[in-house]
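Visitor: Note that the protein sequences, when read in sequence, are chains A and B.
Position 353, counted from 1, in the first sequence is what full-length UniProt numbering calls 353; the numbers after and before it change by one each time, with no gaps.
Position 196, counted from 1, in the second sequence is what full-length UniProt numbering calls 196; the numbers after and before it change by one each time, with no gaps.
Idealized CB from N, CA, C, for every residue including glycine.
These figures come from a predicted structure and were not determined experimentally.
There's a structure below that I have some questions on.
2 protein chains.
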Amino acid sequence: MIPEVSRLAHASRPVVRRLLGPPSMPRQTAPDSSPARLSLISRHLAPVYPINTPYTVERLPSTIDTSLLPKAQTRAMSSQPPHPTLLIPGPIEFDDAVLQSMSHYSESHVGPAFVATFGETLSMLRKLFQTSDPASQPFVLSGSGTLGWDLVAANLVEAGEDVLVLGSGYFSDGFADCLKVYGGNVTELKAPPGSKPQLPEIEKALSEKRYKLLTVTHVDTSTGVLSELKNLAALVHRVSPETLIIVDGVCSVACEEIDFDGWKLDGVVTASQKAIGCPAGLSISMFSGRAMQAFQNRKTPPAAYFASMKNWTHIMQNYEAKKPSYFATPSPQLIHALHTALKQILARPLSERFALHKEASDRIKKAVADLGLKQVASNPDEQAHGMTAIYLPETVKQTDILPSLAKKNVVFAGGIHKEIATKYIRFGHMGVSVLDPKRGDIDRAIKALQDGLAECGYQKA
Amino acid sequence: MIPEVSRLAHASRPVVRRLLGPPSMPRQTAPDSSPARLSLISRHLAPVYPINTPYTVERLPSTIDTSLLPKAQTRAMSSQPPHPTLLIPGPIEFDDAVLQSMSHYSESHVGPAFVATFGETLSMLRKLFQTSDPASQPFVLSGSGTLGWDLVAANLVEAGEDVLVLGSGYFSDGFADCLKVYGGNVTELKAPPGSKPQLPEIEKALSEKRYKLLTVTHVDTSTGVLSELKNLAALVHRVSPETLIIVDGVCSVACEEIDFDGWKLDGVVTASQKAIGCPAGLSISMFSGRAMQAFQNRKTPPAAYFASMKNWTHIMQNYEAKKPSYFATPSPQLIHALHTALKQILARPLSERFALHKEASDRIKKAVADLGLKQVASNPDEQAHGMTAIYLPETVKQTDILPSLAKKNVVFAGGIHKEIATKYIRFGHMGVSVLDPKRGDIDRAIKALQDGLAECGYQKA
């Protein structure tokens, strides 16, 4: 399990490209992330339809008859119409009040009512990330979670600077690709699927070169591998104190403990649609005073425009001070939904929230073990609490089990780590599905998995 | 009115910076767009509050008592709660059905139902942009409209290539700044506030240098100046046929005629929250086959990651072919709202929509003239049809008239063009406020303007 220090050699890419046909995108460009990401469609389940097999997007019908989708309601007492329960590792099921906030009437993005809402949202993020240091700086931008990578790569790294990426799966590979686009000199410490680089290897790498920045994917959504942060951060502060510690928290913020100040993290980037429980469309991040200072000490201008901290920092500071300010128009509706979601989160102690996610995760992981199945994340200490990636029995295909679950109104996701994509499925358990026992989502999903596997002919050996 | 060919010399910036206090952002960075944009807060009205004067964000109260905001309903028969009518040049008032689509229950971003919705949305955009050329490529990304500038600058221009920006106001300056961040060698043909570069000047500029790309802001939201596109495009094709023609259509798409194929445009970038009538949060664009070919012929990789056409082109093509595909998670709720908005738009002939916007605009402009007031856009042929920028009488302050309008439940915006910001107000008239006569928004706003000016002591000379 010794991770290989590599510069992102992607041996399998020619195969991917062959299956996709001749590339029409520029050949000279690097890093060559598009075909790989493209082919690695999440295959989050096409209910009652054939599922794509890995590295093909060509086999799906070009027209989909959505009237065939299941319509049965899965729970009562909701303002939402009947729909299958979405238990993929994001987007997750959303609370009624959060969805209703999405329909907020139109407001000026610089009017006092919206400015107050945005300002409160930014202040609440400080509590979610557990930072009371006034030098910490939150950002909320319209964009996918991926935009957070650009925010880090275009502002905290200058061309030619060394970056160490801890490789725990598909998403750390993506972060590495992004850093390279903006000129980062990336070393990726890669672990085999289902594990992560270990502290001794990381210490060795840090002692060999002076890295401007280290990135760690807290939970790699491709594998469900959890990277412990407290000891990692302590190691970095001891061995390479000038290295900024940047966490990809897309699949961890609001379901895994993150003590931003206590662990002296320098940046956590995340998205709205996972454990925070707000529809997709927002890149949400927090940076330390030290990270902001590193940005201010740049010798070259930020390498992006929309993702430039130069353009956004004062805007965020003004919104938080309830002063109108403009760089680009934010989405009042999404900010309202995030505001509602954060109010719900902060109405209870965060420790309770993390404990409830752990409790549900333990129950799911026990059920998986009771079924005689293994997780992709093999080490119990490295298993996420908001999702579970489950190896299928050899006799059961993804293309059988996912539609079987769909018929039971439960939507799981297929695999996405390219070395093992067909061999496992992903079960997301974050937010209201875990916190609202009246929904019964988790028990129903476990039952559906048990029944579905039985229908596929699987019996525990 | 001969525009000055300049390289974006911003003489007023030291003043801006002084008013904002010492810069905490890096000094070496260029272009220095942040302080300018920051200071130019839209001042879209703080109902019943003092409005910021230009170049200050410091005078607003740090705490806003939103209970003081007007609560009266402005129209009946809506599912929206009472709220002031938003008549700024975006975001606009939204239709009930569009807002309801924002609350759509959670769906997998790669599930067949959402893939079908996204695919239909992309196909409908072809109709909105009036392109039937299959080589044309639509993009819909999570982000502000500003992200469209990055899409152009990071993909269609390589470092050191020459770009001609037609400068008609604040937003063309912004596009120029963005192009420079990605290495474009920008020449901005600047016109005085309220006008635009004229064809002879443009012809002269095009004949002096070979430009990779020309940008034109169809309607500059800062001034309401409309740049005619048909003759401009014909000129470019005649004088400099290899130059790509890129249109900033943020304040024009869906309210001004744009014949993408007929005029042989190469790119139009826009946002969701203006005349398209969908809440903010989406960057929407269309590029010609020729533009996509120029992208494919790049010698260097795209200069951004989230805004990279390399990462998104196949994804958009797959969604449109109803095949699931993944690069970064789109926002299913925003895409549903855009789908609803586009269905509404395309249910009637586009020509009728443009005519209704022109009719309302004519009525507003006549009312403005009848009041003895002048528009910022002085030439009637250069006046936008979705907004009107109105010079205030010398005796009336922005800080008096905007709150007076707010008390009448009408929200206008302040000025934003930095040379004249305090001297004018902006009235947005796009989408349902123009198309749904039952709302009575336009007549009520005209009446509010008349009454408000009278209350401020103004009488026509």
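#1: Excluding sequence positions up to five away, which residues of its chain have a Cβ less than 8 Å from the Cβ of Leu-128 of chain A?
#2: CB-CB under 6 Å to His-314 of chain B, same chain, minus the five flanking residues each way: which ones, in chain order?
#3: At a CB-CB cut-off below 8 Å, which residues of chain B make contact with Glu-107 of chain A?
#4: Tell me the residue span of the alpha helix (DSSP H) that contains residue 473 of chain A.
#5: Flag Thr-217 of chain A as yes if its beta-carbon sits less than 7 Å from any beta-carbon of chain E, otherwise no.
#6: So the alpha helix (DSSP H) Glu-320 of chain B belongs to, where does it begin and stop?
#7: Pair every Cβ in the region 412-420 of chain B with every Cβ in the region 330-342 of chain B, then say whether three or more of these pairs are closer than 8 Å.
#8: Measuring straight from C-alpha to C-alpha, what distance separates Thr-121 of chain B and Pro-138 of chain B?
#9: Residue 462 of chain A bridges to which residues according to DSSP?
#10: Report the CB separation of Pro-81 of chain A from Tyr-105 of chain B in whole angstroms; it is logged as a contact under 8 Å.
#11: Taking beta-carbon pairs under 8 Å, can you tell me which members of the region 292-307 of chain A lie near chain B?
#12: Mapping the DSSP letters down to three states, classify Leu-282 of chain B as helix, strand or coil.
#13: Under the three-state reduction of DSSP, which class applies to Asp-451 of chain A: helix, strand or coil?
#14: List, in chain order, every chain B residue whose beta-carbon is nearer than 8 Å to that of Ala-271 of chain A.
#15: Per DSSP, Gln-375 of chain B forms a beta bridge with which residues?
#16: Helix, strand or coil: which one does DSSP assign to Gly-428 of chain A?
#17: In terms of alpha-carbon separation, which member of B:Lys-460, B:Ile-401, B:His-385, B:Ala-328 lies closest to Leu-373 of chain B?
#18: Who are the Cβ neighbours of Ala-445 of chain A in its own chain at under 6 Å, not counting the five residues just before and after it?
#19: Between the Cα of Ile-245 of chain B and the Cα atoms of B:Glu-256, B:Asn-231, B:Cys-251, which residue gives the shortest distance?
#20: In whole angstroms, give me the CA-to-CA distance for Ala-303 of chain A and Val-269 of chain A.
#21: Can you look up Asp-441 of chain A in the DSSP assignment and give me helix, strand or coil?
#22: Pick from A:Val-140, A:Gly-440, A:Ser-79, A:Asp-451: whose alpha carbon is nearest that of Phe-287 of chain A?
#23: Which of the three DSSP states, helix, strand or coil, is assigned to Gln-293 of chain B?
#24: Under the three-state reduction of DSSP, which class applies to Gln-398 of chain A: helix, strand or coil?
#25: Taking contact to mean 3 or more Cβ pairs, one atom from each stretch, closer than 8 Å, check whether the region 305-312 of chain B and the region 163-174 of chain B are in contact.
#26: Which two residues bound the contiguous beta strand (DSSP E) that contains Leu-166 of chain A?
#27: Run down chain A in chain order and give the residues with a C-beta less than 7 Å from the C-beta of Met-102 of chain B.
#28: Three-state secondary structure (DSSP) at Ile-345 of chain A?
#29: Per the DSSP calculation, residue 481 of chain A is bridged to which residue(s)?
#30: I want to see whether chain B comes within less than 7 Å of residue 470 of chain A, judged by CB atoms only; does it?
#31: Evaluate Asn-155 of chain A with the Cβ neighbour count: other Cβ atoms within 10 Å of its Cβ, from every protein chain shown; 16 or more gives buried, anything less gives exposed.
#32: Give me the residue from B:Ser-78, B:Pro-89, B:Pro-84, B:Asp-96 with the minimum Cα distance to Ala-337 of chain B.
#33: With DSSP run on the structure shown, which of helix, strand or coil describes Val-411 of chain B?
#34: Under a three-way DSSP split, which group does Leu-338 of chain B fall into?
#35: The alpha helix (DSSP H) with Gln-100 of chain B in it runs from where to where?
Guide: Checking against the coordinates, here is how it stands:
#1: Against the first sequence, residue 128 of chain A aligns to sequence position 128. The answer, listed in chain order, is Val-253, Ala-254, Ile-276, Leu-342, Ile-345, Leu-346, Leu-350.
#2: By 1-based counting over the second sequence, the position of residue 314 of chain B is 314. Once the five neighbours on either side are set aside, His-314 of chain B has no close Cβ partner at all.
#3: Within the first sequence, residue 107 of chain A is the residue found at index 107, counting from 1. Those within 8 Å of Glu-107 of chain A in chain B are His-83, Leu-86, Pro-91.
#4: This structure gives no information on residue 473 of chain A, because the portion of chain A shown stretches from 1 to 461.
#5: The structure shown contains no chain E; its protein chains are A and B.
#6: As a first step, residue 320 of chain B is located in the second sequence; it is residue number 320 there, counting from the start. Start and end: 309-320.
#7: No, because fewer than three Cβ pairs between the region 412-420 of chain B and the region 330-342 of chain B fall closer than 8 Å, the two stretches do not touch.
#8: Working through the second sequence from its first residue, we reach residue 121 of chain B at position 121. Working through the second sequence from its first residue, we reach residue 138 of chain B at position 138. Distance between the alpha carbons of Thr-121 of chain B and Pro-138 of chain B: 10 Å.
#9: Since the first residue of chain A shown is 1 and the last is 461, residue 462 of chain A is not available in this structure.
#10: Your numbering for residue 81 of chain A matches position 81 in the first sequence. Your numbering for residue 105 of chain B matches position 105 in the second sequence. Yes, they are in contact, since the Cβ atoms of Pro-81 of chain A and Tyr-105 of chain B sit about 6 Å apart, within 8 Å.
#11: When CB distances to chain B are screened at a threshold of 8 Å, the residues of the region 292-307 of chain A falling below it are Phe-295, Gln-296, Asn-297, Arg-298, Lys-299, Thr-300, Pro-301, Pro-302, Ala-303, Ala-304, Tyr-305, Phe-306, Ala-307, in chain order.
#12: Your numbering for residue 282 of chain B matches position 282 in the second sequence. DSSP places Leu-282 of chain B in the strand class (E or B) of the three-state scheme.
#13: In the first sequence, the residue the question calls residue 451 of chain A occupies position 451. Residue state, collapsed to three classes: helix.
#14: Residue 271 of chain A sits at position 271 when you count from the first residue of the first sequence. Thr-329, listed in chain order.
#15: By one-based count along the second sequence, residue 375 of chain B stands at place 375. Residue pairing by DSSP places Gln-375 of chain B opposite B:Ile-390 in a beta bridge.
#16: Within the first sequence, the letter at position 428 stands for residue 428 of chain A. Of the three classes helix, strand and coil, the one that applies to Gly-428 of chain A here is strand, per DSSP.
#17: Looking up residue 373 of chain B in the second sequence gives position 373. Of the candidates B:Lys-460, B:Ile-401, B:His-385, B:Ala-328, the one whose C-alpha sits nearest the C-alpha of Leu-373 of chain B is B:Lys-460.
#18: By 1-based counting over the first sequence, the position of residue 445 of chain A is 445. Here the set comprises Leu-87, Val-410.
#19: Mapped onto the second sequence, residue 245 of chain B falls at position 245. With distances taken between CA atoms, Ile-245 of chain B lies nearest to B:Asn-231 out of B:Glu-256, B:Asn-231, B:Cys-251.
#20: Numbered from its first residue, the first sequence carries residue 303 of chain A at position 303. Numbered from its first residue, the first sequence carries residue 269 of chain A at position 269. Within the model, the alpha-carbon separation for Ala-303 of chain A versus Val-269 of chain A is close to 18 Å.
#21: Here residue 441 of chain A is taken as the residue at index 441 of the first sequence, counted from 1. In the structure shown, Asp-441 of chain A adopts helical secondary structure according to DSSP, grouped into three states.
#22: Indexing the first sequence from 1 puts residue 287 of chain A at position 287. When each option's Cα is compared against that of Phe-287 of chain A, the closest is A:Val-140.
#23: Numbered from its first residue, the second sequence carries residue 293 of chain B at position 293. Under the three-state reduction of DSSP output, Gln-293 of chain B falls in the helix class.
#24: The residue labelled residue 398 of chain A in the question sits at position 398 within the first sequence. Reduced to three states, the DSSP call for Gln-398 of chain A is helix.
#25: Pairwise C-beta distances place the region 305-312 of chain B out of contact with the region 163-174 of chain B, as fewer than three of them are shorter than 8 Å.
#26: For the purposes of this step, residue 166 of chain A is identified with residue 166 of the first sequence, where counting begins at 1. It spans 162-167 - the beta strand (DSSP E) in which Leu-166 of chain A sits, taken as one unbroken run.
#27: Position 102 of the second sequence, counted from the first residue, corresponds to residue 102 of chain B. Listed along chain A, the residues sitting closer than 7 Å to Met-102 of chain B by beta-carbon distance are Met-102, Ser-103, Gln-333.
#28: To locate residue 345 of chain A, count along the first sequence from 1; it is residue 345. DSSP, read as helix, strand or coil, puts Ile-345 of chain A in helix.
#29: Lying before the first or after the last residue shown, residue 481 of chain A is absent from chain A, which here runs from 1 to 461.
#30: Nothing can be reported for residue 470 of chain A: it is not among the residues displayed for chain A, which extend from 1 to 461.
#31: Stepping through the first sequence from its first residue, residue 155 of chain A is reached at position 155. Classification for Asn-155 of chain A: buried.
#32: Here residue 337 of chain B is taken as the residue at index 337 of the second sequence, counted from 1. When each option's Cα is compared against that of Ala-337 of chain B, the closest is B:Asp-96.
#33: Reading the second sequence from its first residue, position 411 is the one you call residue 411 of chain B. Taken through DSSP and simplified to helix, strand or coil, Val-411 of chain B comes out as strand.
#34: For the purposes of this step, residue 338 of chain B is identified with residue 338 of the second sequence, where counting begins at 1. The answer is helix: DSSP assigns Leu-338 of chain B an H, G or I state.
#35: On the second sequence, position 100 is the one that residue 100 of chain B refers to. Taken as a continuous stretch (DSSP letters only), the alpha helix (DSSP H) holding Gln-100 of chain B covers 96-101.
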